[in-house]
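To keep things clear, I will list the structure first and then write my remarks on it.
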Amino acid sequence: MDKTFIGRNPSVLWFLLALGLFTAGVTILSEAGLSVISTSFVKTLGKTLCLCLIAIAMDVVWGYCGILSLGHFAFFGIGGYAIGMWLMYARTEGIVVESLSSQVIPPTPQEITDAIGNQIFGVVGSSEFPAIWAFADSLFLQLLMVILVPGLLALVFGWLAFRSRVTGVYLSILTQAMTLALALYLFQNDSGLRGNNGLSGLQNIPGFEDTPQSTISLAFFLGSALALGLGYLLFAWVVSGKMGSVIKAIRDDEARVRFLGYQVESYKLFVFTLTAIVSGIAGALYYPQAGIINPAEIAPIASIYLAVWVAIGGRGRLYGAVIGAAFVSLLSSWFTSGGVPAVNLGFYTIQWTDWWLVLLGVSFVAVTLFFPKGIGGLFDYLVRKPS
Amino acid sequence: MHRLILAFALLLGLTPAVSAQTLQDILQTHADEVAKPGRRTVGVVLDDLAASGLPGVAVFLEKWQDKSVWQRDDGQFFIAAEQADTLQLTDIDSGEETSAAKDTFTQLKPNGGVRRVIATALVQFQLMDPDVERRTTAVASIARRPDASQLGPLLGAIDGETDAALKARKIQLANFLSASFAENTEDRIAAINSLSTDTSVEARAVLNQILTTSPGLATSLPTDQNVAGVLTPGEDMTRDEAYRLLVEAELAAPRTPPDVIRAALEANVVDGRVGNIPVAQLGSTANRERAYAQLAAVGTVAPLVTQSDRNAAIDEFIFFETYDEEDKAITQAAAAALGAVENRVAAGQTIDLALDALSLASIYFLAAIGLAITFGVMRVINMAHGEFIMMGAYTGYVVQLFVPSYTASIIIALPLAFAVTFGAGVVMERLVIRHLYHRPLETLLATFGISIALQQLAKNIFGTQARPLTSPEWLDGALVFSDVVQISYIRIAIFVLALIFLGLILYVLKRTRLGLEVRAVTQNPGMAASMGINPDRINMLTFGLGSGIAGIAGVAIGLYAKVTSEMGADYIVQSFMTVVVGGVGNVWGTLAGASLIGFLQKGIEWLNPSNTLAAQTYMILFIILFIQFRPKGIVALKGRAAAD
Chain A
1 MDKTFIGRNP SVLWFLLALG LFTAGVTILS EAGLSVISTS FVKTLGKTLC
51 LCLIAIAMDV VWGYCGILSL GHFAFFGIGG YAIGMWLMYA RTEGIVVESL
101 SSQVIPPTPQ EITDAIGNQI FGVVGSSEFP AIWAFADSLF LQLLMVILVP
151 GLLALVFGWL AFRSRVTGVY LSILTQAMTL ALALYLFQND SGLRGNNGLS
201 GLQNIPGFED TPQSTISLAF FLGSALALGL GYLLFAWVVS GKMGSVIKAI
251 RDDEARVRFL GYQVESYKLF VFTLTAIVSG IAGALYYPQA GIINPAEIAP
301 IASIYLAVWV AIGGRGRLYG AVIGAAFVSL LSSWFTSGGV PAVNLGFYTI
351 QWTDWWLVLL GVSFVAVTLF FPKGIGGLFD YLVRKPS
Chain B
1001 MHRLILAFAL LLGLTPAVSA QTLQDILQTH ADEVAKPGRR TVGVVLDDLA
1051 ASGLPGVAVF LEKWQDKSVW QRDDGQFFIA AEQADTLQLT DIDSGEETSA
1101 AKDTFTQLKP NGGVRRVIAT ALVQFQLMDP DVERRTTAVA SIARRPDASQ
1151 LGPLLGAIDG ETDAALKARK IQLANFLSAS FAENTEDRIA AINSLSTDTS
1201 VEARAVLNQI LTTSPGLATS LPTDQNVAGV LTPGEDMTRD EAYRLLVEAE
1251 LAAPRTPPDV IRAALEANVV DGRVGNIPVA QLGSTANRER AYAQLAAVGT
1301 VAPLVTQSDR NAAIDEFIFF ETYDEEDKAI TQAAAAALGA VENRVAAGQT
1351 IDLALDALSL ASIYFLAAIG LAITFGVMRV INMAHGEFIM MGAYTGYVVQ
1401 LFVPSYTASI IIALPLAFAV TFGAGVVMER LVIRHLYHRP LETLLATFGI
1451 SIALQQLAKN IFGTQARPLT SPEWLDGALV FSDVVQISYI RIAIFVLALI
1501 FLGLILYVLK RTRLGLEVRA VTQNPGMAAS MGINPDRINM LTFGLGSGIA
1551 GIAGVAIGLY AKVTSEMGAD YIVQSFMTVV VGGVGNVWGT LAGASLIGFL
1601 QKGIEWLNPS NTLAAQTYMI LFIILFIQFR PKGIVALKGR AAAD
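Now the structure itself:
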């Protein structure tokens, strides 16, 4: 305990430095005059930073605590829905008030509410506001929801699951069932969140109608970078020190930790809930940049991909999760957008849009078999550890 | 036969106006009505024809309806076929055929209304036609348009019926008609009571028809009508509906909706004010109503009907429903019969639901049993299990491309699908899973990688559109017990297949050397190895077996659902839950899990039939809670094997 927190974790400093340089670089390159980086690419980078944030949350819960959660994307989605409700409500309200103001008689509050309801829910054949939209008019309350709803859901779910000692593969399947149940629920038209249409038009930020999208995307990019930096610091602090040791010990042998007198369930619940909250925040930053959220986003497969990013990047090291998420998601969008030239084999031409998933799948297998430490493991060769 | 026609003519309450006449004589008596029939006048002709009991009547009526009857200038009627300028004439009575030039004849062209009346009259002749098909058609046409006039002929046609099935149908139909149209109350009540054991849709429709109601309102409950019940506004009907009834009965002024108020105010803005209220203040409901009231006071608009006006109007009246049928005894009998029928229908629906649930459980069992074996024995989560199901289904599709006979192709496809997926499973075990036995959670990732690669490969090879896997025609259709209880043959086949596999797997596990070794490795791999069992080989075979069964499940599922590259993904989560709920490493556990999930899903769907998504959501929530109380599933392993 003679060193400071940073002193014990030099990688945190290196990471923050790299993130800072990257952010500064992107900001300069995308600024007017230079315009080397397009607005849409800034958006892609901003979204990728959000994915990195949820990836480090996943790394803490899986790589450090040993809980393979296949449901963390549910919390990400809930965060997105929570902020999306305010964005959609406030923007629709602006449009409705504008269009009603041309009438001879000023509109009543009831008329405004009815018109907003029609605008938002007409697509699912309804115009009534469901109860869960009660706070949609308040940015503050919806931001609170971004934290509270994933947090409470994780708390209740985790308490139930850890209390009855559901572990290992069973817990993975249970968390998968949770995200599937949520996705199926949201797919219904009467769920109150527009069924499979989801929430859309989220890239238009109310109050900033006149600000160009390039400025808004850069702002969100910087916000995401800040959130990632803070999240990284928070999690680095959580997994270091005494608490970090207990958490890692739970991963390695849960029964022994319990026999040593530690409240294993409390530690797991703390980690599960904290990572869920961070996932919610990541989602709340991601979806305004994506512009649309629908229930397909939180289908079980999304959470499995999340686990795969972490595995490819390297579990049990936070920068590994960041590298995995950034590497796979950027590569994925590069391949599927047709940016990679087709390979002509003479008898067959490989179109990467068709074959990318096959390549990706095979690389998962290869990484698990041959590089269990992931890409992050390469750093071990650079830094010779005193052991 | 003639006697019978006469008999029901008597039944209809008609007396033969004439006897010992020819058909032509009867027609000549009503020459004008025959030549220029109207919907009202044609009845007399038809009655007399029916009463005559002459053999040619049915043929004549058919031809008349077909516009194939012609009248000669001297008034005689002939059945005739038109051939250019000549007519092939057939004498109505003797059937003697002649031909003549067309210009001395006039064609009879009864209009549509008349033809329908003729058709109804024809039914009574067709009911006793020697040709059983025509009798069946006649019965079906009565069933389509039941009518009071058909009751007599139908009753008369029952005794002479030789075809047993048709006779039963005639009796049933006669019952329906008597329930609605019989002359006296006792007959109707008897018929209604006899319907109380009939669960067919038709019988229920008849009873519901008798029990139709219409709403009414009055200041006090009427005594001269057959009142079905009192409706309390706010409970049995909404207050809005009640008020709408008042408006329809012109007992109250229509309500003034907000948009009407707004339109009225907009139309009456004077100098930036409506009445004495400035326009800027009209942004609230209260101010708008005040402004409207001022407009109403000077007579510009209709008076405002406020909520309290409406409530007062509603409270003044009693709302009730009256039966359209006036006889209280009949409606009581019908209500009682309908109650009895509905009880039977409910029982039938329960059975039907149970059958549905059973077949769903069989599908889950087939999809999950392979997973249960691999998961149970090797503690390996195989995320590619769903893709093995898909692989089996595509094997069936490819076989059908080469083998045209559907029966033969299915018989070939089942073992072939097993072989293909068995091979794929063994290859996967050798190449990937073998290296990951000490890292069970990582097999999940590796098999997930295989899963998405296989899915994309299938998409690249077979395309994204769904491919058909056609079942043999002897599996088409359904086994029908009644209008309520029925089950399709494909579902029965899947159920039988699941039973066969249950038996086969139990046999392999309990009665063979391989099964013994598999159970030994499941319980304690280390001990099994020291007893001379090669766990490597057992793991390989077990994985192959589990995958092979997935392939067969794929053929079965492909038969009733479409074959797509994503079909495996649809079943994988359900299969996992089946295994987890049932308990790992136990065939009976998987059976219990599949049954629980199948019955639960159908049960929840029944409670909330409009929404299968909601049913699935609630089912998953139930499973999450269930795991809290039985973390190791319904059938939990005990002892050392349980500790993992």
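Respectively, the protein sequence lines represent chains A and B.
Read in order, the letters of the first sequence are residues 1 to 387 in the working numbering.
Read in order, the letters of the second sequence are residues 1001 to 1644 in the working numbering.
Every residue gets a Cβ at the ideal spot worked out from N, C-alpha and C, and that includes glycine.
- Fewer than three pairs of CB atoms, one per stretch, sit closer than 8 Å, so the segment 1475-1490 of chain B makes no contact with the segment 203-218 of chain A.
- Residue environment for N1184/B: exposed (fewer than 16 other C-beta atoms within 10 angstroms of its C-beta).
- Listed in chain order, the beta strand (DSSP E) runs fully inside the segment 1170-1225 of chain B are 1213-1218, counting runs of at least 3 residues.
- In this chain, the beta strand (DSSP E) harbouring S1099/B covers E1097 to A1101.
- Cβ proximity to chain B below 7 Å picks out V104, I105, P106, P107, T108 and Q110 from the segment 102-125 of chain A.
- Going by beta carbons, P107/A and G1283/B fall inside the 8 Å limit.
- Excluding its 5 nearest sequence neighbours in each direction, V146/A has C-beta neighbours in its own chain below 7 Å: G79, A82, I83, G280, I281 and A284, listed in chain order.
- Burial is judged here by how many other beta carbons sit within 10 angstroms of a residue's own beta carbon; S40/A has fewer than 16 and is exposed.
- Nearest Cα to T1322/B within the set T1447/B, L1221/B, F1402/B and I1623/B: L1221/B.
- In the structure shown, the three-state DSSP call for L199/A is strand.
- Q1124/B sits buried, since 16 or more C-beta atoms from the chains shown fall within 10 Å of its C-beta.
- By the neighbour-count criterion, in which a residue is buried when 16 or more other Cβ atoms sit within 10 angstroms of its Cβ, D1085/B is exposed.
- According to DSSP, Q1088/B shares a beta bridge with A1081/B and S1099/B.
- Within a 10 Å sphere around the beta-carbon of S1052/B sit 16 or more other beta-carbons, which makes this residue buried.
- Residues of the segment 1422-1440 of chain B with a C-beta atom less than 8 Å from some C-beta of chain A are V1432, H1435, L1436, R1439 and P1440, listed in chain order.
- Under the DSSP assignment, V60/A falls outside any beta strand (DSSP E); it carries neither an H nor an E label.
- Pairing L19/A with A225/A gives a Cβ-Cβ distance under 8 Å.
- When Cβ-Cβ separations below 8 Å define contact, S1284/B makes contact with chain A.
- The contact set of R165/A on chain B, defined by CB atoms closer than 8 Å, consists of P1631 in chain order.
- F1462/B places its beta carbon less than 8 Å from that of Y1394/B.
- When DSSP reads this structure, Y81/A sits in no beta bridge, so it has no partner.
- Here M1428/B is buried: its Cβ has 16 or more other Cβ atoms, across all protein chains shown, within 10 Å.
- Taking 9 Å as the upper bound on Cβ-Cβ separation, chain A lies near residues S1451, I1452, A1453, L1454, Q1455, Q1456, L1457, K1459 and N1460 of the segment 1451-1465 of chain B.
- Neighbours of P130/A in chain B, taken as residues whose beta carbon is under 8 Å from its own, are absent, since the nearest beta carbon is some 15 Å off.
- Under a 10 Å Cβ-count criterion, A1594/B is classified as buried, with 16 or more other Cβ atoms of the shown protein chains found around its own Cβ.
- Beta-bridge annotation (DSSP): V1069/B is paired with I1079/B.
- For E1266/B, the chain A residues whose Cβ falls inside 8 Å of its Cβ are Q103, V104 and I105, in order along the chain.
- Note that the C-beta distance between L1217/B and F1181/B is not below 8 Å.
- Straight-line measurement puts the Cα of A1242/B at about 12 Å from the Cα of A1312/B.
- Interface with chain A (8 Å Cβ-Cβ cutoff): L1444/B is included.
- When secondary structure is reduced to three states using DSSP, G71/A falls in the coil class, being assigned neither helix nor strand.
- For A1614/B, the nearest beta carbon of chain A is closer than 8 Å to its own beta carbon.
- Looking at the DSSP output, S1488/B sits in a beta bridge with A1478/B.
- In the three-state DSSP reduction, N1524/B falls in the coil class, being neither helix nor strand.
- With fewer than 16 other Cβ atoms from the protein chains shown falling within 10 Å of its own Cβ, H1438/B counts as exposed.
- Sorting K1459/B, L1444/B, L1516/B and A1297/B by C-alpha distance to the C-alpha of I1572/B places L1444/B at the top.
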